[in-house]
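Inspection log for the structure reproduced underneath, given as structure tokens.
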Amino acid sequence: MQKNVFIARTPRAADLRKRYRHIVGCVFTSLSLLMVVGFGSASAQRRSTYQNPVAAGDFPDPSVIRVGGEYWASATSSEWGPEFPLLHSRDLVNWNAIGAIFQQRPAWSVGNYWAPELSQYRGRFYVYYVARKKGGPLCVAVATANSVRGPYKDHGPLVCQEVGSIDGFPVTDEDGQRYLLWKEDGNSVSKPTPIWAQRLSADGTRLIGERKEILRNTEQWEKHATLPYGDLVEGPAIVRRDGWFYMFYSGNFCCARECNYMLGVARSRKLLGPWEKNPKNPILAGNDMWKCPGHGTVVTDTRGRDWLMYHAYHAKDFVYVGRQAMLDEVRWGADGWPTINEGRGPSRSALAPLPVRQTNAGYKFFDDFNSTRLRSGWQWPHAFVPVATIDALGQRWLTLTRNPSQPEMPLAVVARSTTVGDYDATTLVQTARLKNGATAGLSAFGDMENAIGLTISDGKVILWRREKNEQRVLETADAPAGASLHLRMRARDGHRYRFSVSRDGRDWKEVGEEIDGGYLPPWDRGVRIALVAGGAKGASGRFGFLRVEPSR
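Numbering (the numbering used here), first residue to last: 37 to 588.
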């Protein structure tokens, strides 16, 4: 009987034990898979949300189109070159700068590079844009290319009304005829702002036939409470859906501290009207986080959903950063009218068009000039194009020089948009060449007439401010010894600046007191972080890198 105690070691018992191990293994594997799938789903759900802005920094009046499964966007560049930045994305959430529409400003124009509208028609790409004519008004002009990347050929202005013409938008009517819509800029002289429509030539580069007014400012929300030039409608963008034309448009004042911009919608069975404004307008207004939203374009993704890319000011960083690119889904109600974020204003975060992780919000920035030329995203005052070269002397250095063809050029400037109001910007400057009045350094830059900076010259560090083109030295100190020095600009609340100098980038010595730069931002632009060089004729500044790190 004792032998039967160990019967588990018989071949039959061993087989049962193998089956038991197999069952346990299957259960464990199933549980593991469930855990992986569960965590994977949660991760996917996290990745399928995004936060606004989708393109941080100054990117006003954005236009977006889809080409196949990819997206392209451009925006107002105002008085910065190169004119009209060009961004690329595969998911509408992660955007990369890949160039600009123009590398040099069109010869007929002098400034106010606003509201480029990208479009594709019969295999060609068009950009209808705004610029000011030399000695004349604002005009809507057009450039074309065989590829969305360019190069673009400029065809000059299509319309230049006496009070100005802005915000062109191309659209095909119900009969297949191509039209251009635009705003007559009447609010600039305290007059109404009609939206006009006029036929385009077959190649899209000329207006033909008679123009017709199809919309104007009539509603109370379109009128600013105190500014006579804030009573307007502008930025028309057309979507066709279920036999209707829908015009997304903006009203009230767009910009600066007084802004009260909002977005409405109107619809019509025919492009030339009659148009009916949504009784629930505005469909997009500011909230506690985002102010003055508007001027956008609707794009349909690869799954058939509609998205509005538009601009808005961050409530805290506000005019110091500028109008940033936002994204929200357009939902269509049973009554046929669109809504955005259920009427709650710009979203902080939302479900993304695709299940991807938002990876390049663009808040941090670093460039050590390890390429042969300046990367996309750098800017300069369009009227003063600097000479910027990159070479290798042990490491890469950016050499920045005033353009010899522009002797009136006060400074050579290259700059980056700010993305938040609280950040530290640092750079490395070679000191050996900064003699006999040559100067180079780091600046908070509004425009050529309004800036704050710390520069090195003749063995000194000099803290200065320029306001309304009058420059004043605030502090001068001996520069630490060294072949190169680190400079730091610390910004808080968008307008409070402190500057420091260091030999090694670790131990910093402040120069002067905190400076209030509240006066820096122009009415339609944010403040830039700039590398500057100037002084004696032919003098240059050499920079080892620029690093920008948000402090929140």
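Glycine included, every Cβ here is placed at the ideal spot set by N, Cα and C.
Asked: Output yes or no for whether 8 Å exceeds the beta carbon distance between LEU307 and ALA233.; Found: yes
Asked: Excluding the 5 residues preceding and the 5 following PRO310 in the sequence, name in chain order all residues of the same chain whose CB lies nearer than 8 Å to its CB.; Found: SER304
Asked: Identify whether ILE43 lies in helix, strand or coil by the three-state DSSP scheme.; Found: Residue placement at ILE43 is poorly supported in this model, since its pLDDT is 28, which falls under 50; the coordinates are not used for a value here.
Asked: When burial is assigned at 16 or more other CB atoms within 10 Å of the CB, is VAL225 buried or exposed?; Found: exposed
Asked: Applying the 10 Å Cβ sphere with the 16-neighbour rule, what's the burial state of ILE244?; Found: exposed
Asked: How big is the Cα-Cα spacing for ARG534 and ALA513?; Found: 15 Å
Asked: Which two residues bound the contiguous beta strand (DSSP E) that contains TYR285?; Found: 280-287
Asked: Just checking, does the region 86-104 make contact with the region 112-129 on the three C-beta pairs under 8 Å criterion?; Found: yes
Asked: Where does PHE402 land, buried or exposed, given buried means 16+ other C-beta within 10 angstroms?; Found: exposed
Asked: Taking the alpha helix (DSSP H) that VAL357 belongs to, which residues open and close that run?; Found: 354-357
Asked: Going by other Cβ atoms of all chains shown within 10 Å of its Cβ, with 16 needed for buried, is CYS62 buried or exposed?; Found: At CYS62 the pLDDT is 40, less than 50, meaning the model places this residue with poor confidence; the figure from the coordinates comes in the next sentence. When all chains shown are included, CYS62 counts as exposed.
Asked: Can you check the region 496-556 for any beta strand (DSSP E) of at least 3 residues that lies completely inside it and give the ranges in chain order?; Found: 496-503, 506-514, 520-528, 532-538, 545-552
Asked: For ALA633 versus THR333, is the C-beta distance shorter than 8 Å?; Found: Any property of residue 633 remains undetermined from this structure, which presents the chain solely from 37 to 588.
Asked: Please look up how many angstroms separate the CB atoms of GLY271 and HIS331, rounded, as I've assumed it's under 8 Å.; Found: 4 Å
Asked: Figure out for me which residue from ALA419, ASP552, MET298 has the closest Cα to the Cα of ARG528.; Found: ASP552
Asked: Assuming THR180 contacts ARG160 (C-beta within less than 8 Å), just tell me the rounded distance between them.; Found: 6 Å
Asked: For the candidate residues THR229, SER145, GLU549, whose alpha-carbon lies nearest to that of TRP218?; Found: THR229
Asked: For a quick check, are the C-beta atoms of THR462 and GLY541 less than 8 Å apart?; Found: yes
Asked: By a C-beta neighbour count over all protein chains shown, 10 Å radius and 16 as the cutoff for buried, is TRP433 buried or exposed?; Found: buried
Asked: What are the residues that DSSP puts in a beta bridge with ARG589?; Found: Residue 589 cannot be examined here, being either before or after the span of the chain that is shown, 37 to 588.
Asked: Take the Cβ of LYS545 as the centre, count every other Cβ of all protein chains shown within 10 Å, and call the residue buried at 16 or more, exposed below.; Found: exposed
Asked: Helix, strand or coil for TYR162? Go by DSSP, reduced to three states.; Found: strand
Asked: Assuming the contact rule is C-beta atoms closer than 8 Å, TYR162 and VAL178 should be a hit. Round their C-beta distance to whole Å, please.; Found: 6 Å
Asked: Does the Cβ of ASP364 have 16 or more other Cβ atoms within 10 Å, making it buried, or fewer, making it exposed?; Found: buried
Asked: Going by other Cβ atoms of all chains shown within 10 Å of its Cβ, with 16 needed for buried, is ASP221 buried or exposed?; Found: buried
Asked: Would you call GLN213 buried or exposed, if buried means 16 or more other Cβ atoms sit within 10 Å of its Cβ?; Found: exposed
Asked: Excluding the 5 residues flanking SER479 on each side, which residues of the same chain have their C-beta closer than 6 Å to its C-beta?; Found: ALA487, GLY489, ALA566, VAL568
Asked: Going by the CB atoms, is the gap between LEU128 and TRP326 shorter than 8 Å?; Found: no
Asked: Give the straight-line distance between the Cα atoms of SER68 and TYR86, rounded to the nearest whole angstrom.; Found: Because the pLDDT of SER68 is 39, which lies under 50, any placement of that residue in the model is unreliable, and the number read from its coordinates should be weighed accordingly. Whole-angstrom Cα-Cα distance: 29 Å.
Asked: Where does GLY204 land, buried or exposed, given buried means 16+ other C-beta within 10 angstroms?; Found: buried
Asked: Assuming PHE289 and HIS260 are in contact, meaning their beta carbons sit under 8 Å apart, how far apart are those beta carbons, in whole angstroms?; Found: 5 Å
Asked: Flag this pair as touching only if the region 290-300 and the region 235-244 have three or more C-beta atom pairs under 8 Å; answer yes or no.; Found: no
Asked: Please work out which residues of its chain come closer than 7 Å, Cβ to Cβ, to ARG293, disregarding the five sequence neighbours upstream and downstream, and give them in chain order.; Found: VAL355
Asked: Would you kindly report the start and end of the unbroken beta strand (DSSP E) that includes GLN197?; Found: Looking at the DSSP string, GLN197 is not in any beta strand (DSSP E), and its letter there is neither H nor E.
Asked: Taking DSSP as the reference, what is the three-state secondary structure of GLY266?; Found: helix
Asked: In the DSSP assignment, the beta strand (DSSP E) including PHE579 goes from what residue to what residue?; Found: 576-586
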